[in-house]
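Novice: According to numbering that gives the first Met the number 0, the residues represented by the sequence shown are 0 to 176, in order.
Glycine is no exception: its CB is placed at the ideal position from the N, C-alpha and C atoms.
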Amino acid sequence: MKQSIHAKRMARTIRRNRSVPKLNLVSLMDIFTILVFFLLVNSSDVEVLQSNKDIKLPESIAEQRPEDNLIVTVSQESILVGGRKVVDTAAIAKSKSSEIAALKKELEYLASRKPYQTPEEEEAGRDVTIMGDKAIPYDLLKKIMTTCAKSDYRNISLAVSQVPDETTLEDLQAAGG
């Protein structure tokens, strides 16, 4: 049976359209390359301090990021050094001493495991971050800081929750952000 010209043309068009379309990988590779660089550049903004749900940190407009050093965590119930419980805060409140013996013992033990490398490090002292609940009494914080300083942890930082500055908020709102 003979096909008409129109039928032949339709059959040719159907055969041509039946071929498998090819995927253009060049543009896909471009997208993934850009995505990788974007993620690498923006991944450095990581918070170093671990959060503890029992502790509500004081708020501050400080811009400085925390460093990765020894963390002394102070909650309403206990004091932890590097995540390990050292002493109960109730026992410290009753004590008249300006130092906390159990905390000093733990800090000195940790200091003995990591000796100074240079005389400059020894002169500056060791780094410690105190992550304390904002409701802890000042006397307790003072005892902890005194104990840290006498245990050669003289570079003391206090952990805070960062909140935006009032002027920064006003600038963002004025810019339309």
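For a test of the three-state rule: what should DSSP assign to Thr-117, helix, strand or coil?
Specialist: Looking at Thr-117 - three-state DSSP - the assignment turns out to be coil, as it is neither helix nor strand.
Novice: Given this structure, state the Cα-to-Cα distance separating Ala-6 from Lys-21, to the nearest angstrom.
Specialist: Answer to the nearest angstrom: the Cα atoms are 28 Å apart.
Novice: If Glu-98 sits next to Lys-142, beta carbons under 8 Å apart, how far is it from one beta carbon to the other, in whole angstroms?
Specialist: Yes, Glu-98 and Lys-142 are in contact; Cβ-Cβ is about 7 Å, under 8 Å.
Novice: For Lys-84, name the three-state secondary structure that DSSP assigns.
Specialist: Strand.
Novice: Look up Asp-29 in the DSSP assignment and say whether it is helix, strand or coil.
Specialist: Helix.
Novice: For Ser-3, which residues in the same chain have their Cβ closer than 6 Å to its Cβ, ignoring the five residues on either side in sequence?
Specialist: Answer for Ser-3: no residue qualifies.
Novice: The alpha helix (DSSP H) that contains Asn-16, what's its start and end?
Specialist: Counting along the chain, the alpha helix (DSSP H) containing Asn-16 begins and ends at 4–16.
Novice: Would Met-198 be called buried (16 or more neighbouring beta carbons within 10 Å of its own) or exposed?
Specialist: Residue 198 lies beyond the stretch modelled for the chain, which goes from 0 to 176, so this question has no answer here.
Novice: Rounded to whole angstroms, what is the Cα-Cα separation between Tyr-184 and Val-86?
Specialist: Past the edges of the chain, shown from 0 to 176, lies residue 184, and the structure says nothing about it.
Novice: From Val-73 to Thr-128, what distance separates their C-alpha atoms?
Specialist: Roughly 11 Å separates the two Cα atoms.
Novice: Just checking my contact of Asp-151 with Arg-112 at CB under 8 Å: how many whole Å lie between their CB atoms?
Specialist: With a Cβ gap of about 13 Å, Asp-151 and Arg-112 do not count as contacting.
Novice: Rounded to the nearest angstrom, what separates Arg-184 and Val-25 at their Cα positions?
Specialist: The chain is shown from 0 up to 176; residue 184 falls before or after that span and cannot be answered.
Novice: Rounded C-beta distance between Cys-147 and Val-80? I'm assuming under 8 Å.
Specialist: Wrong, their Cβ atoms sit about 10 Å apart, outside the cutoff.
Novice: From which residue to which residue does the alpha helix (DSSP H) around Asp-138 run?
Specialist: Where Asp-138 is concerned, the enclosing alpha helix (DSSP H) stretches over 137–149.
Novice: Between the Cα of Ile-91 and the Cα atoms of Asn-68, Ile-135, Ile-13, which residue gives the shortest distance?
Specialist: Comparing Cα-Cα distances from Ile-91 to each of Asn-68, Ile-135, Ile-13, the minimum goes to Ile-135.
Novice: Tell me which same chain residues have a C-beta within less than 8 Å of the C-beta of Arg-153, skipping the five on either side of it?
Specialist: Result list for Arg-153: Ala-123, Gly-124, Arg-125, Cys-147, in chain order.
Novice: Check whether the Cβ atoms of Lys-95 and Lys-149 lie closer than 8 Å to each other.
Specialist: Taking 8 Å as the Cβ cut-off, Lys-95 and Lys-149 do not qualify as a contacting pair.
Novice: So, helix, strand or coil for Asn-154, using DSSP?
Specialist: Three-state result, Asn-154: strand.
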